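Structure, as structure tokens:
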Amino acid sequence: MPFIPHTDADVKTMLDAIGVNKIADLFDEIPPELFIDELTSVPSGLNEMELTQLIRKRAKHNKIPTCFIGAGAYEHHIPAAVWQTASRGEFMTAYTPYQAEASQGSLQLIYEFQTMMAELTGMDVANASLYDGATALAEAVLMAVRCNRKSKSKKILMPLSVHPHYRHATHNIVHTQGIELIEVPFDQTQGIINLDALTQYANDDITALVIAQPNFFGNLEHVDELTQWAHEHNILVVSVVNPTSLGLLKPPGLWGKSGADIVCGEGQPLGIPLACGGPYFGFMSCQQQYIRQMPGRIVGRTHDANGKEGFTLTLQAREQHIRRGKAKSNICTNQGLLVTAATIYLSLMGPQGLERVAAHAHANLQQLIAKVTALPDVEILFKAANFHEAVLRFKHPVKDIIKQLGKAGILAGYPLTEYYPELGECLLVCTTETKTDADLEHYVSALAQCLQKHNVNNATECVRSD
Amino acid sequence: MLIFNESSPKRHAKSQIPATLPEVTGIPQNLRRQTAPRLPEVSELQAVRHFTRLSQLNFSIDTQFYPLGSCTMKYNPRGVHALASLENFLQHHPLTPDEHSQGFLQCLYELQEILKAVTGMQGISLAPMAGAQGEFAGVAMIRAYHQARGDHERDEILVPDAAHGTNPASAVMCGYKVHEIKTGKDGDVDIDALKQALGPKTAGIMLTNPSTLGVFERRILEIADLVHKAGGLLYYDGANLNAILGKVRPGDMGFDVMHMNLHKTFATPHGGGGPGAGPVATNERLLPYLPVPIVGKNKDGYYWQGNVDCPQTIGRLSAFMGNAGILLRAHLYARMLGRKGLPRVSCYATLNANYLLARLQEVGYTAAFPKRRASHEFILTLKQEAQDYGITANDVAKRLLDFGIHAPTMYFPLLVPECLLIEPTETESKQQLDAFIDAMQAIRHEMQTNPDQLRTAPHTLPVTRLDDVKAARELDVIYNFAD
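Encoded structure:
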């Protein structure tokens, strides 16, 4: 009974107080045929020492090669103070701050977080978080349908340069409500949305245009022109951004003449470890006029009965626990702990830190591109400017490159062969500020060796088949 | 004080940020940011002290008894947190090839097997990131099932009036109409109301068992039979799985699909409002529709299954693998408890709830369902106290905070007037329960002698009662830097 504190004497006193003989009697309202025997397929319990021995060994089967994969999850330096503070029991083992008076810590922190996200994205207001970047986009699409009263179509322009997992998750979440995602192709040379590809929709009723900045390929879209075009056609702009990039890039609130309408994205780069895929957090911000259509929790500042400043959950009439079937979303839990970490991270980074992190990530990528494209048979696929990711095209099968570099302790990149087979043998490669000159050299030399080996092998095979 | 008020221009945590600002050559000026965001500019100590102090304003499981009904606020083992934080798990990129990810995949695979065993289901996907997303997944699977059979008439989901608000909200998100079913006086679903509601339009029913009223639905087998005969499917909301863990299984009760809240039953931290994890489990019938990714096993080891392996899946619901780190914690917790420890959870959770119910009735409080056994939680109604002393459930909840006890869930379920939903969990000692009973007794005495003490509570917290109306009317949701 690892965490059950009862002594035999306690149990007896408690059963007497209830007026039954044994614990089993407390289950006497359950139909007897439903009870099961022992859970034979479940292993026996382990104490903490035994579990530690088992899991330490097992963790070694989880390798951590030098990571050049991004594709929606990014390795960054995380100050020790972030998780040492966020892991305090008072943050980690509290629940949703329904009892505001007993949750002022979490509530004030969320208020600070909302402010930081509004600042970063250049928007008026922000919420307390959503599950992750992909679901944040799904919620942003649903929100856009509620916000755009001029549009009846529920049609969303979804560029193919948006992360494929985001597109799929969004489709899976919104399609049951009659919302249609229209795929918009990207320019094959530039790797960004071509404004000309949008003009065919100029006379259609379109609810919203999704713009990812940077897009899935790491390329920078012409956000001003796209936003202007959308607004001229009564189309709302839903922006998906990488928060680190906003240290360098124009915030969505300033895109075009009047800015994006709804902004969302993946918060993981802000102090959240890669952790095999989660937990991360989604964020969302918007213009003031849309706040009542925003899903998820929102914290507001108010006064207590003595006029002292305090914080509380507000606009709860949008939420499922009040509105049930008429709620703006079914979301209940959000990602409070991750928001705690991100707020501490942003406080430690400050405006200068975030700019430098973004600039180093960008500079490292330029360095890597220069080095690898000097190798024979490697080219950078797209011409557009990029942030900290780029698509490399090879003449060799990328699965071999991934395997060979894996042996050299390197995650070579994310292969595009599954979602973009038409692009050929491509890898999406990422650098952040964590990559040293030596890491970049290692990548280039391992790649050079792999390509050379491949050429020799191919040559031998040709000779053999002759 | 807000962190922004501690800020000074050009101050920063020097050892945390890169020493230089490299020249940015590759980004056109029109795409660049022109004004720096007004993030805090503080030292490392300022940040640590600010957030440590904020943490001290919170109630939490580590510091207070937290009998929040339907939330299962049990102890979150520190050892589990430490092991899930091993470097090889934390620094592992989600898109790492399977061959480098065997340690993590094995843990998830084992968790899938353990959860199948305790739910009596045949298939599972760990992907949903919270209970509400698990509900969405389950209802979307029900929808996919009916559509695959060409059964397009079924556009209605039945939901008891006692259900969590997420149930109807999730059904609506899946494109269904919601039909509410009344609860009978004894706390069970009104079978006649159910019979009337069932028909060719019924896609399914969403039930929590034990229900949010803290009682076991005694006629569950009959309900399952009725729904299945009408061509509908049964969805089990696993919010209250802690009440039956390892003893009775939703799969055996006749449920077709369900989610569980690992942050409740499997002791993962609630984190001040998330992250959760809401895996969805199903019987044979809905197996092909489970969301991806799922962990599979073959002769080469463990691997991710996606759309190719599961062509009829409702698809992916997140960017990567749900809340992976929470799944890992749930796995570690389940391995610590093992086959004998899991059923003890429900035994002692139920013992604690029934003990509190018995003693609180002795002290003078009224049970909402006095003739019923409590499950792992129970409801008190303060309707009489409201009449006699002008005291509300909210007043009692707020006064409990002064006793260093987190308030129970209040005003939920909506159908019991002035209610408190109390869930002690199995990890609380008899001493702690007795302290709670003493506090409730003292509060009862105050109702009669000094009711204003309750009406103006709390008195000892960082703030007294907050003005929610002002918060909503004069919205102030981000800091005004001009202040």
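If you read the sequences in order, they're chains A and B. Going from the first sequence to the numbering used here is simple: count from 1 and add 645. Going from the second sequence to the numbering used here is simple: count from 1 and add 1. All C-beta atoms in this analysis are idealised placements derived from N, C-alpha and C, irrespective of residue type, glycine included. Being a predicted model, the structure only gives us computed values, none of them experimental.
Note down, in chain order, each residue of its chain lying with its Cβ closer than 7 Å to the Cβ of residue i, except the 5 sequence neighbours on either side.
{"i": "residue 42(B)", "result": "8, 9, 10, 11, 12 and 13"}
{"i": "residue 168(B)", "result": "136, 160, 207 and 238"}
{"i": "residue 198(B)", "result": "159, 180 and 182"}
{"i": "residue 107(B)", "result": "303"}
Over what stretch of residues does the beta strand (DSSP E) that includes residue i continue unbroken?
{"i": "residue 134(B)", "result": "Where residue 134(B) is concerned, there is no enclosing beta strand (DSSP E), although the alpha helix (DSSP H) it sits in stretches over 132-149."}
{"i": "residue 313(B)", "result": "Note, residue 313(B): premise wrong, no beta strand (DSSP E); not H, not E."}
{"i": "residue 245(B)", "result": "Unbroken run through residue 245(B): none, as it is neither H nor E."}
{"i": "residue 992(A)", "result": "Not the beta strand (DSSP E): residue 992(A) falls in the alpha helix (DSSP H), residues 981-1017."}
{"i": "residue 305(B)", "result": "302-306"}
{"i": "residue 1075(A)", "result": "1071-1075"}
{"i": "residue 423(B)", "result": "420-423"}
{"i": "residue 86(B)", "result": "Here residue 86(B) belongs to no beta strand (DSSP E), and DSSP marks it neither H nor E."}
{"i": "residue 299(B)", "result": "295-299"}
{"i": "residue 829(A)", "result": "825-829"}
Identify, in the order they occur along the chain, each residue of the same chain with its Cβ nearer than 6 Å to the Cβ of residue i, setting aside the five sequence neighbours on each side.
{"i": "residue 872(A)", "result": "882, 900 and 901"}
{"i": "residue 987(A)", "result": "912, 915 and 916"}
{"i": "residue 45(B)", "result": "14"}
{"i": "residue 316(B)", "result": "none"}
So for residue i, helix, strand or coil by DSSP?
{"i": "residue 341(B)", "result": "helix"}
{"i": "residue 178(B)", "result": "strand"}
{"i": "residue 1113(A)", "result": "There is simply no residue 1113(A) to check, as chain A begins at 646 and stops at 1111 in what is shown."}
{"i": "residue 118(B)", "result": "helix"}
{"i": "residue 687(A)", "result": "coil"}
{"i": "residue 877(A)", "result": "helix"}
{"i": "residue 928(A)", "result": "strand"}
{"i": "residue 261(B)", "result": "strand"}
{"i": "residue 393(B)", "result": "coil"}
{"i": "residue 216(B)", "result": "coil"}
{"i": "residue 851(A)", "result": "coil"}
{"i": "residue 764(A)", "result": "helix"}
{"i": "residue 456(B)", "result": "helix"}
{"i": "residue 903(A)", "result": "coil"}
{"i": "residue 1110(A)", "result": "Residue placement at residue 1110(A) is flagged as unreliable, the pLDDT there being 46, under the threshold of 50; the coordinate-derived value follows with that caveat. Three-state DSSP puts residue 1110(A) in a helix."}
{"i": "residue 282(B)", "result": "strand"}
Verify whether the separation of the beta carbon atoms of residue i and residue j is less than 8 Å.
{"i": "residue 910(A)", "j": "residue 896(A)", "result": "no"}
{"i": "residue 243(B)", "j": "residue 346(B)", "result": "yes"}
{"i": "residue 251(B)", "j": "residue 132(B)", "result": "no"}
{"i": "residue 427(B)", "j": "residue 70(B)", "result": "no"}
{"i": "residue 672(A)", "j": "residue 351(B)", "result": "yes"}
{"i": "residue 811(A)", "j": "residue 885(A)", "result": "yes"}
{"i": "residue 272(B)", "j": "residue 737(A)", "result": "yes"}
{"i": "residue 980(A)", "j": "residue 924(A)", "result": "yes"}
{"i": "residue 1078(A)", "j": "residue 722(A)", "result": "yes"}
{"i": "residue 78(B)", "j": "residue 648(A)", "result": "yes"}
{"i": "residue 739(A)", "j": "residue 801(A)", "result": "no"}
{"i": "residue 690(A)", "j": "residue 339(B)", "result": "yes"}
{"i": "residue 414(B)", "j": "residue 213(B)", "result": "yes"}
{"i": "residue 735(A)", "j": "residue 64(B)", "result": "yes"}
I need the boundaries of the alpha helix (DSSP H) containing residue i, first residue and last residue.
{"i": "residue 703(A)", "result": "693-704"}
{"i": "residue 56(B)", "result": "45-56"}
{"i": "residue 474(B)", "result": "469-474"}
What residues in its chain sit with their C-beta under 8 Å from that of residue i, if we drop five residues either side in the sequence?
{"i": "residue 791(A)", "result": "938 and 973"}
{"i": "residue 863(A)", "result": "715, 1010, 1031, 1032, 1033, 1034, 1035, 1036, 1073 and 1075"}
{"i": "residue 130(B)", "result": "276, 277, 278, 279, 318, 319, 323 and 324"}
Exercise. Listed from N- to C-terminal order along the chain, which residues in the region 871-895 of chain A have their beta-carbon within a distance smaller than 9 Å of any beta-carbon of chain B?
Worked result: Listed in sequence order: 891, 892, 893, 894 and 895.
Exercise. Given a limit of 8 Å on CB to CB distance, which residues of the region 683-703 of chain A reach chain B?
Worked result: 683, 684, 685, 686, 687, 688, 689, 690, 691, 692, 693, 696, 697, 699, 700, 701 and 703
Problem set entry | Near-chain A residues of the region 125-143 of chain B (beta-carbon distance less than 8 Å), N- to C-terminal order | 130, 131, 132, 133, 134, 136, 137 and 141
Problem set entry | chain B contacts made by the region 963-975 of chain A, where a contact means CB separation under 8 Å | Those residues of the region 963-975 of chain A that come within reach of chain B (Cβ to Cβ, closer than 8 Å) are 964, 965, 966, 967, 968, 969, 970, 971, 972, 974 and 975.
Exercise. Relative to chain A, which residues along the region 319-343 of chain B have a C-beta separation below 8 Å, given in chain order?
Worked result: Contact residues of the region 319-343 of chain B toward chain A are 319, 320, 321, 322, 323, 324, 325, 326, 327, 329, 333, 335, 336, 337, 338, 339, 340, 341, 342 and 343 (C-beta to C-beta distance below 8 Å).
For this session: Pull out every residue of the region 251-262 of chain B whose Cβ sits closer than 9 Å to any Cβ of chain A, in chain order.
Result: 253, 254 and 262
Problem set entry | Interfacial residues, the region 52-65 of chain B to chain A, with Cβ spacing under 9 Å | 52, 53, 54, 55, 56, 57, 58, 59, 60, 61, 62, 63, 64 and 65
Exercise. Between the region 426-454 of chain B and chain A, which residues of the former have a C-beta closer than 7 Å to a C-beta of the latter?
Worked result: 427, 428, 430 and 431
Problem set entry | Near-chain A residues of the region 273-293 of chain B (beta-carbon distance less than 9 Å), N- to C-terminal order | 273, 274, 275, 276, 277, 278, 279 and 292
For this session: Compile a chain-ordered list of the residues in the region 1029-1055 of chain A whose CB is closer than 9 Å to at least one CB of chain B.
Result: 1030, 1031, 1032, 1047, 1048 and 1051
Exercise. Name the residues in the region 297-319 of chain B whose C-beta lies less than 7 Å from a C-beta of chain A; which are they?
Worked result: For the region 297-319 of chain B, the beta-carbon criterion of a distance under 7 Å to any beta-carbon of chain A is satisfied by 315, 316, 317, 318 and 319.
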